[in-house]
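What follows is a short report on a single structure.
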Amino acid sequence: MMERLQQALPILAIGLLFRLAAAADAAAPTPENALALKPVQAGVDYEKVELEKQGGCKVIDIDREDWSGWEVIAKDGTLLRRFADTNGDQQIDLWCYFKFGVEVYRDIDKNFNGKTDEYRWLATGGTRWGLDEDEDGFIDNWKQISAEEVTAEVVAALRERDADRFAPLVISENEIGTLGLGDAKLKQIGGLATAATREFGDLAKKQDVVASDATWVQFAAGMPGVVPSGTEESTRDLIVYENAVAMFDQASGGGQFMMGTLVQVGPATWRVVGLPVLGDDNVPLAGVGGNFFAPDTATASAVMDNPDSARKTQDLVARLEVIDTQLIATKDPAAIAKLHEARAGIVEKLIGVSTKKEDREIWFRQLVDTLSVGSQTNAYPGGLERLKTVSQQFAGDDQALRAYADYQAISADYMARQAPDADFAKVQEWYINALGRFVERYPSVPEAAQAWLNLALSKEFEDKDSEALAYYKKVVSLFPGADSGEMAAGAIRRLESVGQQVEVEGTTIQGKPFRLSNLRGKPVVVHYWATWCEPCKQDMKQLRRLLATYQRAGLRVVGINVDRNKGDAESYLQQTQVPWTQLYEAGGLEGSRLAREFGVQTLPTMMLIDPSGRVVRHNVRAAELQSELERIRQGVK
Numbered sequence: 083m084m085e086r087l088q089q090a091l092p093i094l095a096i097g098l099l100f101r102l103a104a105a106a107d108a109a110a111p112t113p114e115n116a117l118a119l120k121p122v123q124a125g126v127d128y129e130k131v132e133l134e135k136q137g138g139c140k141v142i143d144i145d146r147e148d149w150s151g152w153e154v155i156a157k158d159g160t161l162l163r164r165f166a167d168t169n170g171d172q173q174i175d176l177w178c179y180f181k182f183g184v185e186v187y188r189d190i191d192k193n194f195n196g197k198t199d200e201y202r203w204l205a206t207g208g209t210r211w212g213l214d215e216d217e218d219g220f221i222d223n224w225k226q227i228s229a230e231e232v233t234a235e236v237v238a239a240l241r242e243r244d245a246d247r248f249a250p251l252v253i254s255e256n257e258i259g260t261l262g263l264g265d266a267k268l269k270q271i272g273g274l275a276t277a278a279t280r281e282f283g284d285l286a287k288k289q290d291v292v293a294s295d296a297t298w299v300q301f302a303a304g305m306p307g308v309v310p311s312g313t314e315e316s317t318r319d320l321i322v323y324e325n326a327v328a329m330f331d332q333a334s335g336g337g338q339f340m341m342g343t344l345v346q347v348g349p350a351t352w353r354v355v356g357l358p359v360l361g362d363d364n365v366p367l368a369g370v371g372g373n374f375f376a377p378d379t380a381t382a383s384a385v386m387d388n389p390d391s392a393r394k395t396q397d398l399v400a401r402l403e404v405i406d407t408q409l410i411a412t413k414d415p416a417a418i419a420k421l422h423e424a425r426a427g428i429v430e431k432l433i434g435v436s437t438k439k440e441d442r443e444i445w446f447r448q449l450v451d452t453l454s455v456g457s458q459t460n461a462y463p464g465g466l467e468r469l470k471t472v473s474q475q476f477a478g479d480d481q482a483l484r485a486y487a488d489y490q491a492i493s494a495d496y497m498a499r500q501a502p503d504a505d506f507a508k509v510q511e512w513y514i515n516a517l518g519r520f521v522e523r524y525p526s527v528p529e530a531a532q533a534w535l536n537l538a539l540s541k542e543f544e545d546k547d548s549e550a551l552a553y554y555k556k557v558v559s560l561f562p563g564a565d566s567g568e569m570a571a572g573a574i575r576r577l578e579s580v581g582q583q584v585e586v587e588g589t590t591i592q593g594k595p596f597r598l599s600n601l602r603g604k605p606v607v608v609h610y611w612a613t614w615c616e617p618c619k620q621d622m623k624q625l626r627r628l629l630a631t632y633q634r635a636g637l638r639v640v641g642i643n644v645d646r647n648k649g650d651a652e653s654y655l656q657q658t659q660v661p662w663t664q665l666y667e668a669g670g671l672e673g674s675r676l677a678r679e680f681g682v683q684t685l686p687t688m689m690l691i692d693p694s695g696r697v698v699r700h701n702v703r704a705a706e707l708q709s710e711l712e713r714i715r716q717g718v719k
C-alpha cells in the first residue's frame with residue numbers, strides 16, 4: 083500500500099495544484115502547465131507531447147454553453163486535453179485525456195468537493211469505470227469492468243503484490259446475493275470469494291510466476307455460458323466464463339495462469355470468484371476447473387466415495403488442462419482440429435469414470451459444448467458428426483440431456499449448411515422441419531422454448547402472423563415466468579398491435595425520460611438496432627433520407643439500441659451524429675426490457691406508428707417505408 087501511495091502522490095499533487103489554479107474565471111493555463119497534468123490512475127495510454135513541442139500547442143475556451151474551462155489543442159488541430167467545470171461552481175471537476183483526438187480516459191470529481199472520486203477508461207482505452215469512495219486516488223470498487231479487463235487487473239495486482247488492488251475484483255457478498263443462487267451454491271461461491279480476498283496477499287508475495295515487469299497481453303476463454311434458472315435451485319439465469327486464462331509478457335518470456343470462473347454481475351461488469359491458479363504444485367488438480375460447468379467440489383467427496391475414480395478423474399482433468407493450454411497457443415488449423423478431437427475424447431472418458439449422476443451430467447454438457455463450438459467455429463470440422471451421436475451414446479434415458487445434445491446438434495448442423503453457395507430456401511426448410519421434429523419429441527424442455535421462438539420467427543419472415551402467434555402462445559403457456567415466456571408474450575403484443583395504440587416508455591441514452599405518446603400527431607418509426615448489426619446501419623441512412631423527405635409531415639424516428647455495452651452505442655452515435663432520439667436499457671437483444679416488451683428477437687426490426695399513435699406495421703422493412711409513409715401522408719391530408 084505504501085508503494086502505491088508514494089507512486090500516486092506526485093500525480094495527486096499536480097492535480098491539486100492545477101485545481102487550485104484552475105478556477106473557471108481565472109486566466110487560461112499555459113500549454114506547458116496544462117500538459118504537465120497526468121491521470122490519477124497509472125498506466126493510461128493517452129497522447130503525450132514532447133516538452134520542446136508543447137509551445138506549439140494552444141489552450142482555448144470550451145465551446146459549450148453549460149460548461150466552462152479549457153481544451154488543449156495540438157499544432158495540427160488534434161484535441162489533446164479537456165478540463166471542465168460542469169456545474170458552474172468555478173472549479174474544474176472533469177479532466178479528460180485524448181489519443182488521436184478521441185477521449186480515452188477521464189478523472190471525475192462527481193461530488194464537486196475538489197477531489198477525484200471516479201475514473202473512466204473510454205473508446206480504445208477500454209470500458210473500466212472505477213469508484214474511489216474515500217477519494218485517496220485508489221479504486222475501491224468497479225462500477226464497470228469487462229472480463230478481459232478483470233484479468234488485466236489481476237496481472238497488475240500480482241505484479242505489484244497488491245492485495246488492495248485485487249480485492250475490488252472479487253465478487254462481494256452483496257453481489258453474490260443478487261445472483262439468485264441456491265443455498266448450496268451460494269455457500270460455495272461465498273466461501274471461495276472470502277478465501278480469495280483473505281489469501282491473495284500471501285499468494286502474491288510468495289509467487290514467482292508474474293514478475294515485476296509483467297504486462298497483460300490477452301484474455302483467453304471459450305464462449306461465456308448461461309447457467310439457466312432452476313439449476314441447483316437458482317432463481318435467475320447467470321452468465322459465466324469457466325477456466326478463463328490470463329496471458330502476460332515479461333523479460334523472462336511469456337506466461338499464463340488460470341483465472342478460473344468469472345461471473346457477470348451487471349450488464350457490463352464482471353467479477354472473479356476465487357484465487358488465480360499459478361501452477362503451484364501444491365494446488366490439487368481437482369481444485370482447478372469450473373464452479374458451474376465442471377465437477378469441482380464434487381470431486382472432493384468422490385475421493386472418499388471412490389478413490390480409484392477420483393484418481394482417474396484428476397489424471398484426466400490434468401490432461402484436459404494441458405490441451406486447453408495448447409489450444410490457446412496453437413495457430414495451425416490442422417493441429418487445432420486434432421486438439422479438439424483429443425479434448426472430446428478425454429471428456430468422454432470423464433463421463434465414463436464419474437460415479438455421481440451430477441458429475442456425469444456436467445461432463446456430458448461440456449462434451450456437447452466442446453463439439454458444438456468446435457463445429458460452429460470450424461475449428462473441429464469432424465465435431466458435427468461426433469455431436470450427432472452424443473445423445474445416443476451418453477445420455478441414456480435422461481430426456482433433459484438428450485434434448486440438450488440434440489438441440490445443439492441441430493444448431494451446429496444449421497450453421498454448417500449455410501455455405502456461400504447453399505440454397506438458402508432448402509436450408510431453411512430443413513431447419514424448420516428439424517425444429518418441428520425436436521419440439522414434438524421434447525415439448526417441455528428449456529431448449530424447446532427457443533425452438534418454438536425460432537419457429538415463430540420463421541413464420542414472421544414469411545408474413546404468416548397467425549401461425550407465428552400460435553407458436554408464441556405455445557411458449558407462453560408452457561414456459562410462464564421464464565425469459566422465453568416473457569419474450570413470446572412481447573411478440574404476441576407486437577403482432578396483435580396493428581390498429582392499436584401502443585406506448586413505449588424508457589430512458590434516452592443521455593438519461594432523459596421518454597414517452598412515445600408525447601409524439602402523438604406525428605408519424606413515428608421505431609427502429610431497433612445495435613452497432614454490430616450492419617443492416618441496421620444501412621436502415622439509418624434510409625431513415626435519414628426519409629426524415630428530410632417527410633419533414634413537413636412531421637415524421638419522427640425513435641431508435642432503441644440493444645447493444646450489451648452502452649459505451650458502444652454512445653461511441654457510434656458520437657461518430658455518426660444520428661439526428662433522432664435514442665433509447666437504451668441494459669441487457670442486450672435477449673435481456674433488454676425495451677426489446678422484450680415487443681418480443682424483438684432479430685435486427686433490424688422497425689415498427690411504424692401513425693399520428694394517432696396506432697400501429698400501422700409491426701415489422702416494416704426499409705424498402706416498404708416510403709410507400710407506407712405516403713399512405714399516412716395522404717390520410718392526414
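The working numbering numbers the first residue of the sequence shown as 83 and each following residue consecutively. All C-beta atoms in this analysis are idealised placements derived from N, C-alpha and C, irrespective of residue type, glycine included.
Report task. Helix, strand or coil for Gln346, going by three-state DSSP, please let me know. Result -> As a working note, residue 346 is residue 264 in the sequence shown. DSSP places Gln346 in strand when its eight states are reduced to three.
Query raised in the report: In three-state terms, what does DSSP make of Val232?
Result: Numbered from 1 along the sequence shown, position 150 holds the residue referred to as residue 232. Helix.
Requested in this report: Determine the extent of the beta strand (DSSP E) in which Asp189 is found, giving its start and end residues.
Outcome: Here residue 189 corresponds to residue number 107 of the sequence shown, with the count starting at 1. Counting along the chain, the beta strand (DSSP E) containing Asp189 begins and ends at Val184 to Ile190.
Query raised in the report: Below 7 Å between beta carbons: does that hold for Asp354 and Gly219?
Result: As a first step, residue 354 must be located in the sequence shown, where it is residue number 272. As a first step, residue 219 must be located in the sequence shown, where it is residue number 137. The sequence shown places Val at residue 354, not Asp. No.
Report task. Please determine if the stretch 400 to 410 and the stretch 428 to 442 are in contact, where contact requires at least 3 C-beta pairs separated by less than 8 Å. Result -> yes
**Report entry** Check whether Ala491 and Lys470 have beta carbons under 7 Å apart
**Finding:** For this step, residue 491 is matched to residue 409 along the sequence shown. For this step, residue 470 is matched to residue 388 along the sequence shown. Yes. Within cutoff.
Report task. Write down every uninterrupted run of the alpha helix (DSSP H) in the stretch 230 to 304 whose length is 4 residues or greater and which is fully enclosed by it, in chain order. Result -> 245 to 248, 255 to 259 and 265 to 288
Query raised in the report: With a cut-off of 8 Å, do at least 3 Cβ pairs link the stretch 203 to 214 to the stretch 141 to 156?
Result: no
Query - Classification of Asp545 by the beta-carbon crowding that lies within 10 angstroms, buried from 16 upward - result: By one-based count along the sequence shown, residue 545 stands at place 463. The residue is exposed, with fewer than 16 neighbouring Cβ atoms inside 10 Å.
Query raised in the report: Going along the chain, which residues of its own chain have a beta-carbon closer than 6 Å to the beta-carbon of Arg638, five neighbours each way excluded?
Result: Here residue 638 refers to the residue found at position 556 of the sequence shown. Excluding sequence neighbours, Arg638 sits near Leu601, Lys604 and Val606.
Query raised in the report: In terms of DSSP beta bridges, what is Phe520 paired with?
Result: If you number the sequence shown from 1, residue 520 lands on position 438. For Phe520, which the question treats as bridged, DSSP gives no partner whatsoever.
Query raised in the report: What is the rounded straight-line gap between the Cα of Val299 and the Cα of Ala286?
Result: The count along the sequence shown starts at 1 and reaches residue 299 at position 217. The count along the sequence shown starts at 1 and reaches residue 286 at position 204. The alpha-carbon atoms of Val299 and Ala286 are separated by roughly 19 Å.
Query raised in the report: Do you know offhand how far Leu268's Cα is from Arg247's?
Result: Here the question's residue 268 lines up with position 186 in the sequence shown. Here the question's residue 247 lines up with position 165 in the sequence shown. Going from the Cα of Leu268 to the Cα of Arg247 covers about 25 Å.
Query raised in the report: With a CB to CB cut of under 6 Å and the five nearest residues on each side skipped, what residues in its chain are close to Tyr554?
Result: Here residue 554 corresponds to residue number 472 of the sequence shown, with the count starting at 1. If we look at Tyr554 and ignore the five residues flanking it on each side, its Cβ neighbours are Ala538, Ala570, Ala573 and Ile574.
Query raised in the report: Any idea what DSSP makes of Arg713, helix, strand or coil?
Result: For the purposes of this step, residue 713 is taken as the residue at position 631 of the sequence shown. It is helical.
Requested in this report: Please state whether DSSP places Phe39 in a helix, a strand or coil.
Outcome: Outside the displayed range of the chain (83 to 719) lies residue 39, so it cannot be described from this structure.
Query raised in the report: Are three or more beta carbon pairs between the stretch 708 to 718 and the stretch 684 to 695 nearer than 8 Å?
Result: yes
Report task. Let me know if Val370 comes out buried or exposed under the rule of 16 or more other beta-carbons within 10 Å of its beta-carbon. Result -> Along the sequence shown, one-based indexing puts residue 370 at 288. Note that Val370 has pLDDT 43, beneath the 50 cutoff, so the model's placement of it is unreliable and the number below is only indicative. Counting Cβ neighbours within 10 Å, Val370 comes out buried, since at least 16 surround it.
Requested in this report: Could you work out which residue in Phe301, His700, Pro525 and Glu467 is closest to Ala411 when comparing CA atoms only?
Outcome: Indexing the sequence shown from 1 puts residue 411 at position 329. Ranking Phe301, His700, Pro525 and Glu467 by Cα distance to Ala411 puts Phe301 first.
Requested in this report: On a CA-only basis, which of Trp534, Ala461, Glu511 and Phe506 is nearest Tyr489? Give me that one, please.
Outcome: Position 407 of the sequence shown, counting from 1, holds the residue named residue 489. Selected option, being the one with the closest Cα: Trp534.
Query raised in the report: Nearest CA to the CA of Leu466: which residue from Gly456, Ser473 and Ala116?
Result: Position 384 of the sequence shown holds residue 466. Ranking the options by Cα distance to Leu466, first place goes to Gly456.
Query - Proximal residues to Thr317 (C-beta, below 7 Å), its chain only, five neighbours per side dropped - result: Against the sequence shown, residue 317 aligns to sequence position 235. So the list reads Gly262 and Ser311, once near-sequence residues are dropped.
Query raised in the report: Using CA coordinates, which residue listed in Val682, Glu587, Ala531 and Gln583 is at the minimum distance from Glu542?
Result: For this step, residue 542 is matched to residue 460 along the sequence shown. With distances taken between Cα atoms, Glu542 lies closest to Val682.
**Report entry** One or two residues paired with Leu665 in a DSSP bridge
**Finding:** The residue given as residue 665 occupies position 583 in the sequence shown. DSSP output for Leu665 lists Thr590 and Ile642 as bridge partner(s).
Requested in this report: Go ahead and label Thr687 buried or exposed: buried means 16 or more other beta carbons lie within 10 angstroms of its beta carbon, across all protein chains shown.
Outcome: For this step, residue 687 is matched to residue 605 along the sequence shown. Thr687 comes out buried.
Query - Residue burial classification, Met305 (beta-carbon count within 10 angstroms, cutoff 16) - result: Residue mapping note: residue 305 aligns to position 223 of the sequence shown, counting from 1. When all chains shown are included, Met305 counts as exposed.
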